[in-house]
Structures are given as structure tokens and as C-alpha cells.
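Okay, structure first, notes after.
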Amino acid sequence: MEDASKNVHELSIVQSVVETVLDWLRAQPPLRVKAVNLRVGALSAVVEDALQFGWEIAAKDTQLEGSTLVVHEVNIVLYCMQCQKPEEVEGTQFFRCPNCGTPSNDLRQGREIEIESLEIEDEA
Amino acid sequence: MSTTTRIVELRKGVLKKNDELAAGLRKRFFDSGLLAVNLVSSPGTGKTALLERTLRELRERGYRPAALVGDLETDNDARRLAASGAPVRQINTHGICHLEAEMVGKHLEGWTLSDFTHLFIENVGNLVCPSSYDLGEEIRIALLSVTEGEDKPLKYPSIYNSADAMVITKIDLAQACEFDRTAANASIQAIRPGAPTFETSVKTGEGIPAWIDFLVSRSGKSASPTN
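Heads up: the protein sequence lines correspond to chains A and B, in order. Take 1 as the starting number for the first sequence in this note's numbering and just add one per residue. Take 1 as the starting number for the second sequence in this note's numbering and just add one per residue.
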């Protein structure tokens, strides 16, 4: 196999997380990243186990080696035309307003793959 | 030496680079007046067969479609599709499980997009990975064949929810496969309420005119006589 990142898209996703954090670190004074908090939507089509497996590989020999990847799964939020407000739904099988039952395709949350924050240790 | 721990907010999208490239493609497609269509399904659903027929039918009606076709290896599909007379290019991903906006952009080089009325992008056969990658398409079509089972949209909600319309393929085999149309449509509507669904067979031609009408209605350009 030429490159492990190719066959599971989670590996290319964690590589992109590592690159994004390293870019950010370049503009900072020396510090240590203890953890990277990732927000992953219920419909984002990524699997936490595969992300965790890839994390070690992607972080190796970088400033992020030894850091923890924390994956926070976020629920789907649909906008309900009837109730005129966003509503959170459980799971990935239900695309209706939980209050009034109106079907909705207006997804306001649930597809994101986002670096939310970093847990940093400053050396003082 | 003491250490303090703090949290720094970053709020950065991981697929930002792809999203930005896709936004650039979307603008190019819009400015050229063509309708870009991303076809997604599992392997063997019949994306290439549907596309073969679609290219032919659109050309017969005076439209000028083109296609990019993604596969891990081989240019078999591109050669198959080129028989329609439409411009076709193969994208080999060499192991990557989905197409990305960058690959699409690279394979458009040398084409004058304003010459086309439709650009079809046949994704790699995969129901998971392609769902997160925007290719700048105007519409995403998810296919489901009667041999796959009626509950496929429930099993892969991420990709079926991301589609603007569905095409059920190989409907000529429905009876042999004991395919339950009502159940299939119910699972599609549960995952993507209101999605238009076309039941098609490229073999018998069933449902093809309605599918072509849909593509024509979504195109901003009108037909012109072909040479």
C-alpha cells in the first residue's frame, strides 16, 4: 500500500486536522497541545474509532505527538417551517420536527467536521 | 517552572480547503450556465449504465452534456461513456475512496465549460466517504438499485440525506428481486423528505423520459441542433 491515508477518508481528515493545528501553532509562542477537541456531526459520515486510529499516525513526529483527540458528536438540528425555529433531533433516521412532525430538509447542524478548540499547556 | 492549562477556541472546518475549491467550481459552473450533477451510489448500482443512456438521450434532444467519471483504477468507464459521442474524462483516484473538488478542477482543464449544457460527475462507488466532499455540483443524485434492498437509505442516511433527488435503477428486475417499491420510497422519504424519485431501467427505458425531463428542466440552457 502506497499511502495509508488514501483508503479510509478518516485518515485524510485527521491529517487535515493535524495540518490545521500545526499552522495555527506556527504563529504562537512555544506551548504544548494536550488535546484537540473535534466537533463531528451525526451526519458527517466519519467514525470515531477510525479517527482515533488515524490520530496517532498523523500526529507522529509532529508537535501534536502524544496529544489526545477528543471527539464530540453533535446531533442533527433541523429548521421547522411550521414552528419557525430550529429543533434538535436524535439519531440519523428522523427528519421531522419533534414537536409538530413536519418533515424538514433544512439542516442547520449535523454535517460539520470542525476543530472546536485546543487544550493548551503554557510553559511559564 | 509551572504550567497552566487553558482552552483556546479555534472553530476551523476541517474540510475548509475542499469547501473553498468547491465554491470556486460552483461559481464557474454557474457562470458557464451548465448544470453540474454529482452521481453517488454503491458500486454496481448502475451509475455508468444510467449515465451512458442519459448522455445519449440528452444529445438526441439537442443538449451538449459532458462527463467526468471517477474510479480507483482503469479508464473502462470513460471509454464506455465516450461511445455516446459526449466529451468524457476519467479520473483515477488510485485508491482514494471519493472524489474531491481539486480532482474535478484539474480534470476540467482545456474544456470550455460554456460549450456544455450539463456536466455529470460520476463519483467513486461508495456510500460513505463521498457524502462529505462537495464537488461544486448544483444537484446531487443518489442511486439505489432494486438488487440492494429497500432500506439502503436508512442504513446510509448521511449520503441519501445529502441528495437532491433519487434514481432507483434496474426497475426491470424489481419482480425477480421481490423489490418492494412502497418500502423503498418510504425509506427515501424518511431520510430525505420530498426528494423527487425516478424509477428507471436503462434496459427497457422505463422511467428514462421523466428523468431526462428533470435534467432538462433544471438546466438553464435550451437545446440546439446537433451536428
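Glycine included, each C-beta is placed from N, C-alpha and C at the ideal position. As the structure is a prediction and not an experimental result, all values here were calculated from the model.
Within the segment 71-89 of chain A, no residue has its Cβ closer than 8 Å to any Cβ of chain B. Under the DSSP assignment, B/A36 falls in the beta strand (DSSP E) whose first and last residues are L35 to V40. Bounds of the alpha helix (DSSP H) holding B/M103 are A101 to H107. Put simply, the CB of B/S222 is far from chain A, with every gap to its CB atoms at 8 Å or more. Here DSSP, grouped into helix, strand and coil, assigns A/H9 to helix. Taking the Cβ atoms as the reference, A/S117 lies roughly 41 Å from B/V69, outside the contact range of under 8 Å. In this structure B/S158 is buried. Its beta-carbon is surrounded by 16 or more other beta-carbon atoms within 10 angstroms. Interface criterion not met: the Cβ of B/T197 is under 8 Å from no Cβ in chain A. Contact annotation: A/L43 and B/N161 have beta-carbon atoms nearer than 8 Å. In the structure shown, A/P98 adopts coil according to DSSP, grouped into three states. DSSP, reduced to helix, strand and coil, places B/Y133 outside both helices and strands of the structure shown, so it counts as coil. Chain A has no Cβ within less than 8 Å of the Cβ of B/L144. The continuous beta strand (DSSP E) containing B/T4 extends over residues T3 to G13. If you check each beta-carbon in the segment 98-112 of chain A against every beta-carbon of chain B, the ones closer than 8 Å belong to P103, S104, N105, L107, R111 and E112. Under the DSSP assignment, B/I141 falls in the beta strand (DSSP E) whose first and last residues are I139 to S145. Within the same chain, and ignoring the five residues on either side of A/T62 in sequence, the residues whose Cβ sits closer than 7 Å to its Cβ are V18 and L22.
For B/R79, the uninterrupted alpha helix (DSSP H) run begins and ends at N76 to A82, by DSSP. Going by DSSP, A/Q52 is part of the alpha helix (DSSP H) stretching over E48 to A59. The three-state reading of DSSP puts B/D164 in coil, since its state is none of H, G, I, E or B.
Within the segment 40-65 of chain B, the complete alpha helix (DSSP H) runs of at least 4 residues fall at 47-60.
Less than 8 Å separates the beta-carbon of B/L35 from that of B/E138.
Take A/V74, set aside five residues on each side of it, and the residues of its chain with a beta-carbon closer than 8 Å to its own are R39, V40, G41, A42, Q109, G110 and E112, in chain order. Under the three-state reduction of DSSP output, B/A190 falls in the helix class. When CB distances to chain A are screened at a threshold of 7 Å, the residues of the segment 7-22 of chain B falling below it are I7, V8, E9, L10, R11, K12, G13, V14 and L15, in chain order. Your pair B/L81 and B/E52 checks out as a contact, with CB atoms roughly 6 Å apart and the cut at 8 Å. Among the residues facing chain B, A/Q93 is included, as its CB has a counterpart in that chain under 8 Å away.
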